[in-house]
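In our numbering, the protein residues as written are 23 to 618.
Ideal Cβ positions, reconstructed from N, Cα and C, are used throughout, including at glycine.
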């Protein structure tokens, strides 16, 4: 028989000559293993005394047990490390969901038009991007996808011995180009549908109970009506089309049925012809027609400033100024400026129910008040394209875009243009970054470039002429004790920002009741934080007696008075018993690549 010490963690050892298993148990304390079994090994927690220990079968099995036990002792610390790693990952997941919670609520039910650059369509990156779109669709976001086709069209033409032809921003669509455009559109549509259809894997959710097919429904159709571009300045563009109508009703019907809509750039004419339209013209027309919350442009690189830093945000006014700055170098930028400036003196007028004419104005900018208007069934403005008067449709294409001689200026011009038309936010996202779409939508500052018409509209640094209005706004807050009273001299001094040891003070945020309803307080705070970060501040702090909850909800944490810069501490009125709050700002991005 096999004699064994009694402890925990049972091993079963076969006894030589007998058809049975005898339990061998590890002891809590280590003992020295018998030399006749394994010479020179110390086996923690195992002791064996057995007349059968010299049998070959017994020794082989013991050697296996020894190896397992020694390996277990060596890996015990790694098991602890693995457990700590799992806990850290769990904590990160929980923290991410808490941070993403506001975005879930904000984006749910919104309609996003997503134009995917032809370079991304033709790359292996497409699959992961569509997987992220499928995920976001599951969170309640309504998607209209407009895939770019120019890369595949050019490839098909080259394979067939034909030379792609462009004049300015437009392709000349001869019969060979039209055949290639139709084939490219069909192949890309089928590819997009195939990659979206599977939905997420069900392997991870089986343990949570009943599961079913999570495939995504994709809808496409003849949603785009177009008209021939025709002959412009002596150039016959063949079967190149301009957007005339987006079938909004049928697109919304598909979206309401929980489908992702794929909108082809091949439209149909009133005579039943197929016309090859510019992808960006289709996407911008669609975004305006369906009144999308966002237009998202997935491109193949970042939007950078002249110092090689990622441009995270541009107001519409700033984007307009940047485009104007490059107008001499870029035909697309020059066309944008010409159209906007001409539009200032010829804003399209609409008739109200009384027959009176009025101009549609979104906001005022330094470049004027021109705002493109898409009249579904007619086209843009007077039916001659996105631009007013004799200009053609807004297009991104041709040699300028494909050579990237002006980086992503053409996409920026499209973003500024569509913002003028009423789409409040346009995102230019680098599709070469893994998970870029998720990061852009669920991180506070994203990973791309956002152009917005509403975030900081009308926001600027205060001037002396603003003093009477500021006093009127602060008066009720001073009377209630929410803000400390300031003299005219103190207010004048506070109009200019100041820097103290890389830390800036948010001296006060006040909005009228009407402004609070519109969320202007958040816009002011966001403007302040971005301004502070851009000039090198690392933290902002504030003193408050009655508004702590509002600031805590926006990322501020209570801190000690010792963390307040010394120069400011000396001027604190301690009798007010204010609470001190501080927020660490995100550092400016230092990425580098193509420069805008």
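Requested in this report: Kindly indicate if chain B contains any beta-carbon less than 8 Å away from that of residue 283.
Outcome: Absent here is chain B; the protein component of the structure consists of one chain.
Query - Cutoff 8 Å; reference residue 258; Cβ partners in own chain excluding five residues on either side - result: 194 and 252
Report task. Consult DSSP for residue 553 and reduce its assignment to one of helix, strand or coil. Result -> helix
Requested in this report: Check whether the Cβ of residue 241 lies closer than 7 Å to any heavy atom of the ligand GTP, and answer yes or no.
Outcome: With respect to small molecules bound, the structure shown includes none, and the ligand GTP cannot be examined in it.
Query raised in the report: Would you call residue 110 buried or exposed, if buried means 16 or more other Cβ atoms sit within 10 Å of its Cβ?
Result: Flag for residue 110 reads exposed.
Requested in this report: Inspect the beta-carbon positions of residue 321 and residue 270 and report whether they are closer than 8 Å.
Outcome: Cβ distance not < 8 Å, so residue 321 and residue 270 don't count as in contact.
Report task. Specify the secondary structure class of residue 337 as computed by DSSP and reduced to three states. Result -> DSSP places residue 337 in strand when its eight states are reduced to three.
Report task. Pick out whichever of 445, 470, 422 and 550 has its Cα sitting closest to the Cα of residue 457. Result -> Taking only the C-alpha atoms, the option nearest residue 457 is 470.
Query raised in the report: Which whole-angstrom value describes the C-beta separation of residue 297 and residue 268, a residue pair presumed to lie in contact below a C-beta threshold of 8 Å?
Result: Actually they are not in contact, since the Cβ atoms of residue 297 and residue 268 sit about 14 Å apart, beyond 8 Å.
Query - Residues sharing a beta bridge with residue 326, DSSP - result: 332
Report task. Measure the CB-CB distance between residue 310 and residue 443 and report whether it falls below 8 Å. Result -> Yes, the pair counts as a contact, with Cβ atoms nearer than the cut-off.
Query - Separation of residue 578 from residue 158, as counted between CA atoms - result: 29 Å
Requested in this report: Go ahead and pull the three-state DSSP assignment for residue 474.
Outcome: If DSSP states are grouped into helix, strand and coil, residue 474 belongs with the strands.
Query raised in the report: When DSSP labels each residue in this structure, what does residue 266 get in the three-state scheme?
Result: strand
Query - Outcome for residue 589 when other beta-carbon atoms lying within 10 angstroms are tallied against a minimum of 16 - result: exposed
Requested in this report: Please name the residue, chosen from 175, 209, 203 and 238, that lies closest to residue 220 on a Cα-to-Cα basis.
Outcome: 238
Query raised in the report: The beta strand (DSSP E) spanning residue 155 covers which residue range?
Result: Unbroken run through residue 155 is the alpha helix (DSSP H), 148-160; no beta strand (DSSP E).
Query - Endpoints, the alpha helix (DSSP H) within which residue 571 is located - result: 570-574
Requested in this report: Look up residue 193 in the DSSP assignment and give the residues it is bridged to.
Outcome: 188
Query raised in the report: What residue does the beta strand (DSSP E) around residue 465 start on, and which one ends it?
Result: No beta strand (DSSP E) holds residue 465; DSSP gives it neither H nor E.
Report task. Kindly give me the distance between the Cβ atoms of residue 316 and residue 132, rounded to whole angstroms, as I take these residues to be in contact under 8 Å. Result -> 7 Å
Query raised in the report: What whole-angstrom Cβ distance do residue 214 and residue 169 have, given they're in contact under 8 Å?
Result: 6 Å
Requested in this report: Pull up the DSSP beta-bridge partners for residue 258, would you.
Outcome: Answer by DSSP bridge pairing, in chain order: 253.
Query raised in the report: What do you get for residue 449, buried or exposed, if any count of 16 or more other CB atoms within 10 angstroms of its CB means buried?
Result: Buried: at least 16 other Cβ atoms inside 10 Å.
Query raised in the report: Which value, in whole angstroms, describes the spacing of the CA atoms of residue 604 and residue 564?
Result: 7 Å
Query raised in the report: Would DSSP call residue 581 helix, strand or coil?
Result: coil
Query raised in the report: Relative to the alpha-carbon of residue 119, which residue among 507, 460 and 512 has its alpha-carbon at the smallest distance?
Result: 460
Query raised in the report: Which residue from 595, 586 and 593 puts its Cα closest to that of residue 602?
Result: 586
Query - Option nearest residue 206 by Cα separation, candidates 191, 217 and 174 - result: 174
Report task. Kindly identify the DSSP beta-bridge partner or partners of residue 166. Result -> 135 and 283
Query raised in the report: Smallest Cα separation from residue 472: which of 501, 453, 438 and 498?
Result: 438
Report task. Taking all protein chains shown into account, decide if residue 165 is buried (16 or more other Cβ within 10 angstroms of its Cβ) or exposed. Result -> buried
Query - Through-space distance from residue 584 to residue 591, alpha-carbon basis - result: 8 Å
Query - Residue span of the alpha helix (DSSP H) that contains residue 238, given as start and end - result: Counting along the chain, residue 238 falls outside any alpha helix (DSSP H), and DSSP gives it neither H nor E.
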